[in-house]
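J.:
Numbering (the numbering used here), first residue to last: 79 to 400.
(1) Compare the C-alpha of residue 377 against each of 283, 158, 225 and name the closest.
(2) My parser needs the beta strand (DSSP E) runs of 3 or more residues fully inside the stretch 134-187; what are they?
(3) Using DSSP with H/G/I as helix, E/B as strand and the rest coil, what is residue 338?
(4) Express the C-alpha separation of residue 320 and residue 206 in angstroms, rounding to a whole number.
(5) Whole angstroms is fine: what's the gap from residue 124's alpha carbon to residue 178's?
(6) If we ignore side chains and look at the alpha-carbon of each, how far apart do residue 302 and residue 195 end up?
(7) Got a sec? Which residues, its chain only, sit under 8 Å from residue 397 by beta carbon, not counting five neighbours each side?
(8) Excluding five sequence neighbours on each side, which residues of the same chain lie with their C-beta closer than 7 Å to the C-beta of residue 348?
(9) From the DSSP output, in three-state form, read off residue 196 for me.
(10) In three-state terms, what does DSSP make of residue 250?
(11) Nearest-angstrom Cα distance between residue 188 and residue 374?
(12) At what residues does the alpha helix (DSSP H) containing residue 367 begin and finish?
(13) Can you tell me whether residue 126 is buried or exposed? The criterion is at least 16 other CB atoms within 10 Å of its CB, across all chains shown.
(14) Who does residue 388 pair with in a DSSP beta bridge?
(15) Exposed or buried, residue 279, counting other C-beta atoms within 10 Å across all chains shown (16 or more means buried)?
(16) Assuming residue 262 and residue 220 make a contact with CB atoms under 8 Å, what is their CB distance in whole Å?
(17) Rounded to a whole number of angstroms, what is the C-alpha to C-alpha distance between residue 308 and residue 90?
(18) Pull up the distance between the alpha-carbon of residue 235 and that of residue 155, whole angstroms please.
(19) Expressed to the nearest angstrom, what Euclidean distance is found between the alpha-carbon atoms of residue 255 and residue 118?
(20) Classify residue 121 as buried or exposed, calling it buried when 16 or more other Cβ atoms lie within 10 Å of its own Cβ.
(21) Is it buried or exposed, residue 95, if we count other Cβ atoms within 10 angstroms and call 16 or more buried?
(22) So the candidates are 258, 371, 316; which of them puts its Cα closest to the Cα of residue 289?
(23) Might you give, ordered along the chain, the residues of its own chain that have their beta carbon closer than 6 Å to the beta carbon of residue 294, omitting 5 neighbours on each side?
(24) Do residue 170 and residue 252 have their beta-carbon atoms positioned less than 9 Å apart in this structure?
(25) Could you check the C-alpha separation between residue 79 and residue 148 for me, to the nearest Å?
(26) Flag this pair as yes or no: are the beta carbons of residue 327 and residue 292 separated by less than 9 Å?
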């Protein structure tokens, strides 16, 4: 799994130094990113840094000389060879580096896709409400890192591939921002630095978004996707319920009203089989084939609204279970 992160690098004497990355922002600043390879071997994670490029101060290297370019193209070639779609995944609040790796691994195994993980420091520790606010500040500053990543990915795609060529070989790149990962994405979209780079993603999935429902349509309407933008909802979501209760603002992923973005397709999964109060809809719900088929479809560039077992509710402006 290819990992991109703005976390700090641990010294050899620190706890969990074998995982390389810690729970704070990079010492070089929140927009500083490093690449690594992560593999799960013998029930243990093995992480190795991708060496940085070494260029002279006045030197202008060619695009193909950047390590990040080589890694990205290697990834796409691997996807083509293995006939796998690619999902760029941004995790949510309260995840250690190891836990973010675990989530990426679960996505890969359950949906037979290749995951590119953006791992950001969302588990700083402390009293929950105070930690939540601290992590939210990390999310704000991490939007610059996300911009750097998407800008480079978009440039590399234009140089080596284009989306039409990828589609010809049945390969799509899709994006899922999950929980508070959506707040990073919102800040990125709202900033003047956004230049439509997300058009490289066939589907953009805002899953159980820990962002305000109020006025969400203004920034969601500005998201450029190659095909579609999806928003998932569970009104009984226990994790977003905690956020609702403590900060008195309806969460987008927990509110089935004011679904007014003309750019997004809403899916209200509330009350579905075995969904109950689950937050991690893409993994923790057992025995719901319709839900699994939805995620399998949108993670591979397909139309979520065409999944059997779902019907459009015009009064709510969302798809629901039949």
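Here a beta-carbon is modelled for each residue, glycine too, at the ideal position from N, C-alpha and C.
T.: Considering the structure as presented:
(1) It is 283.
(2) Complete beta strand (DSSP E) runs here, min 3: 164-168.
(3) Look at residue 338 here: in three-state DSSP terms it is coil, with no helix or strand label.
(4) Inter-residue distance for residue 206 and residue 320 is about 10 Å (C-alpha atoms, whole angstroms).
(5) For residue 124 and residue 178, the gap between their C-alpha atoms comes out near 14 Å.
(6) C-alpha separation (whole angstroms): 21 Å.
(7) If we look at residue 397 and ignore the five residues flanking it on each side, its Cβ neighbours are 343, 344, 345, 346, 382, 383, 388, 389, 390, 391.
(8) Result list for residue 348: 311, 312, 313, 314, 334, in chain order.
(9) In the structure shown, residue 196 adopts extended strand secondary structure according to DSSP, grouped into three states.
(10) In the structure shown, residue 250 adopts coil according to DSSP, grouped into three states.
(11) Going from the Cα of residue 188 to the Cα of residue 374 covers about 9 Å.
(12) DSSP places residue 367 inside the alpha helix (DSSP H), whose first and last residues are 367-376.
(13) Burial call: exposed.
(14) Beta bridge pairing from DSSP links residue 388 with 399.
(15) By the neighbour-count rule (16 or more Cβ atoms within 10 Å), residue 279 is buried.
(16) Correct: roughly 5 Å between the Cβ atoms.
(17) Roughly 42 Å between the two C-alpha positions.
(18) Distance between the alpha carbons of residue 235 and residue 155: 12 Å.
(19) Cα to Cα, residue 255 sits roughly 23 Å from residue 118.
(20) Residue environment for residue 121: exposed (fewer than 16 other C-beta atoms within 10 angstroms of its C-beta).
(21) Its Cβ having fewer than 16 others within 10 Å, residue 95 is exposed.
(22) Per the Cα distances, 258.
(23) Closer than 6 Å at the Cβ level, and outside the excluded window around residue 294, lie 330.
(24) No, Cβ-Cβ distance for residue 252 and residue 170 is not below 9 Å.
(25) CA-CA distance, residue 79 to residue 148, rounds to 15 Å.
(26) Yes; because the gap between Cβ atoms is below 9 Å, this pair is in contact.
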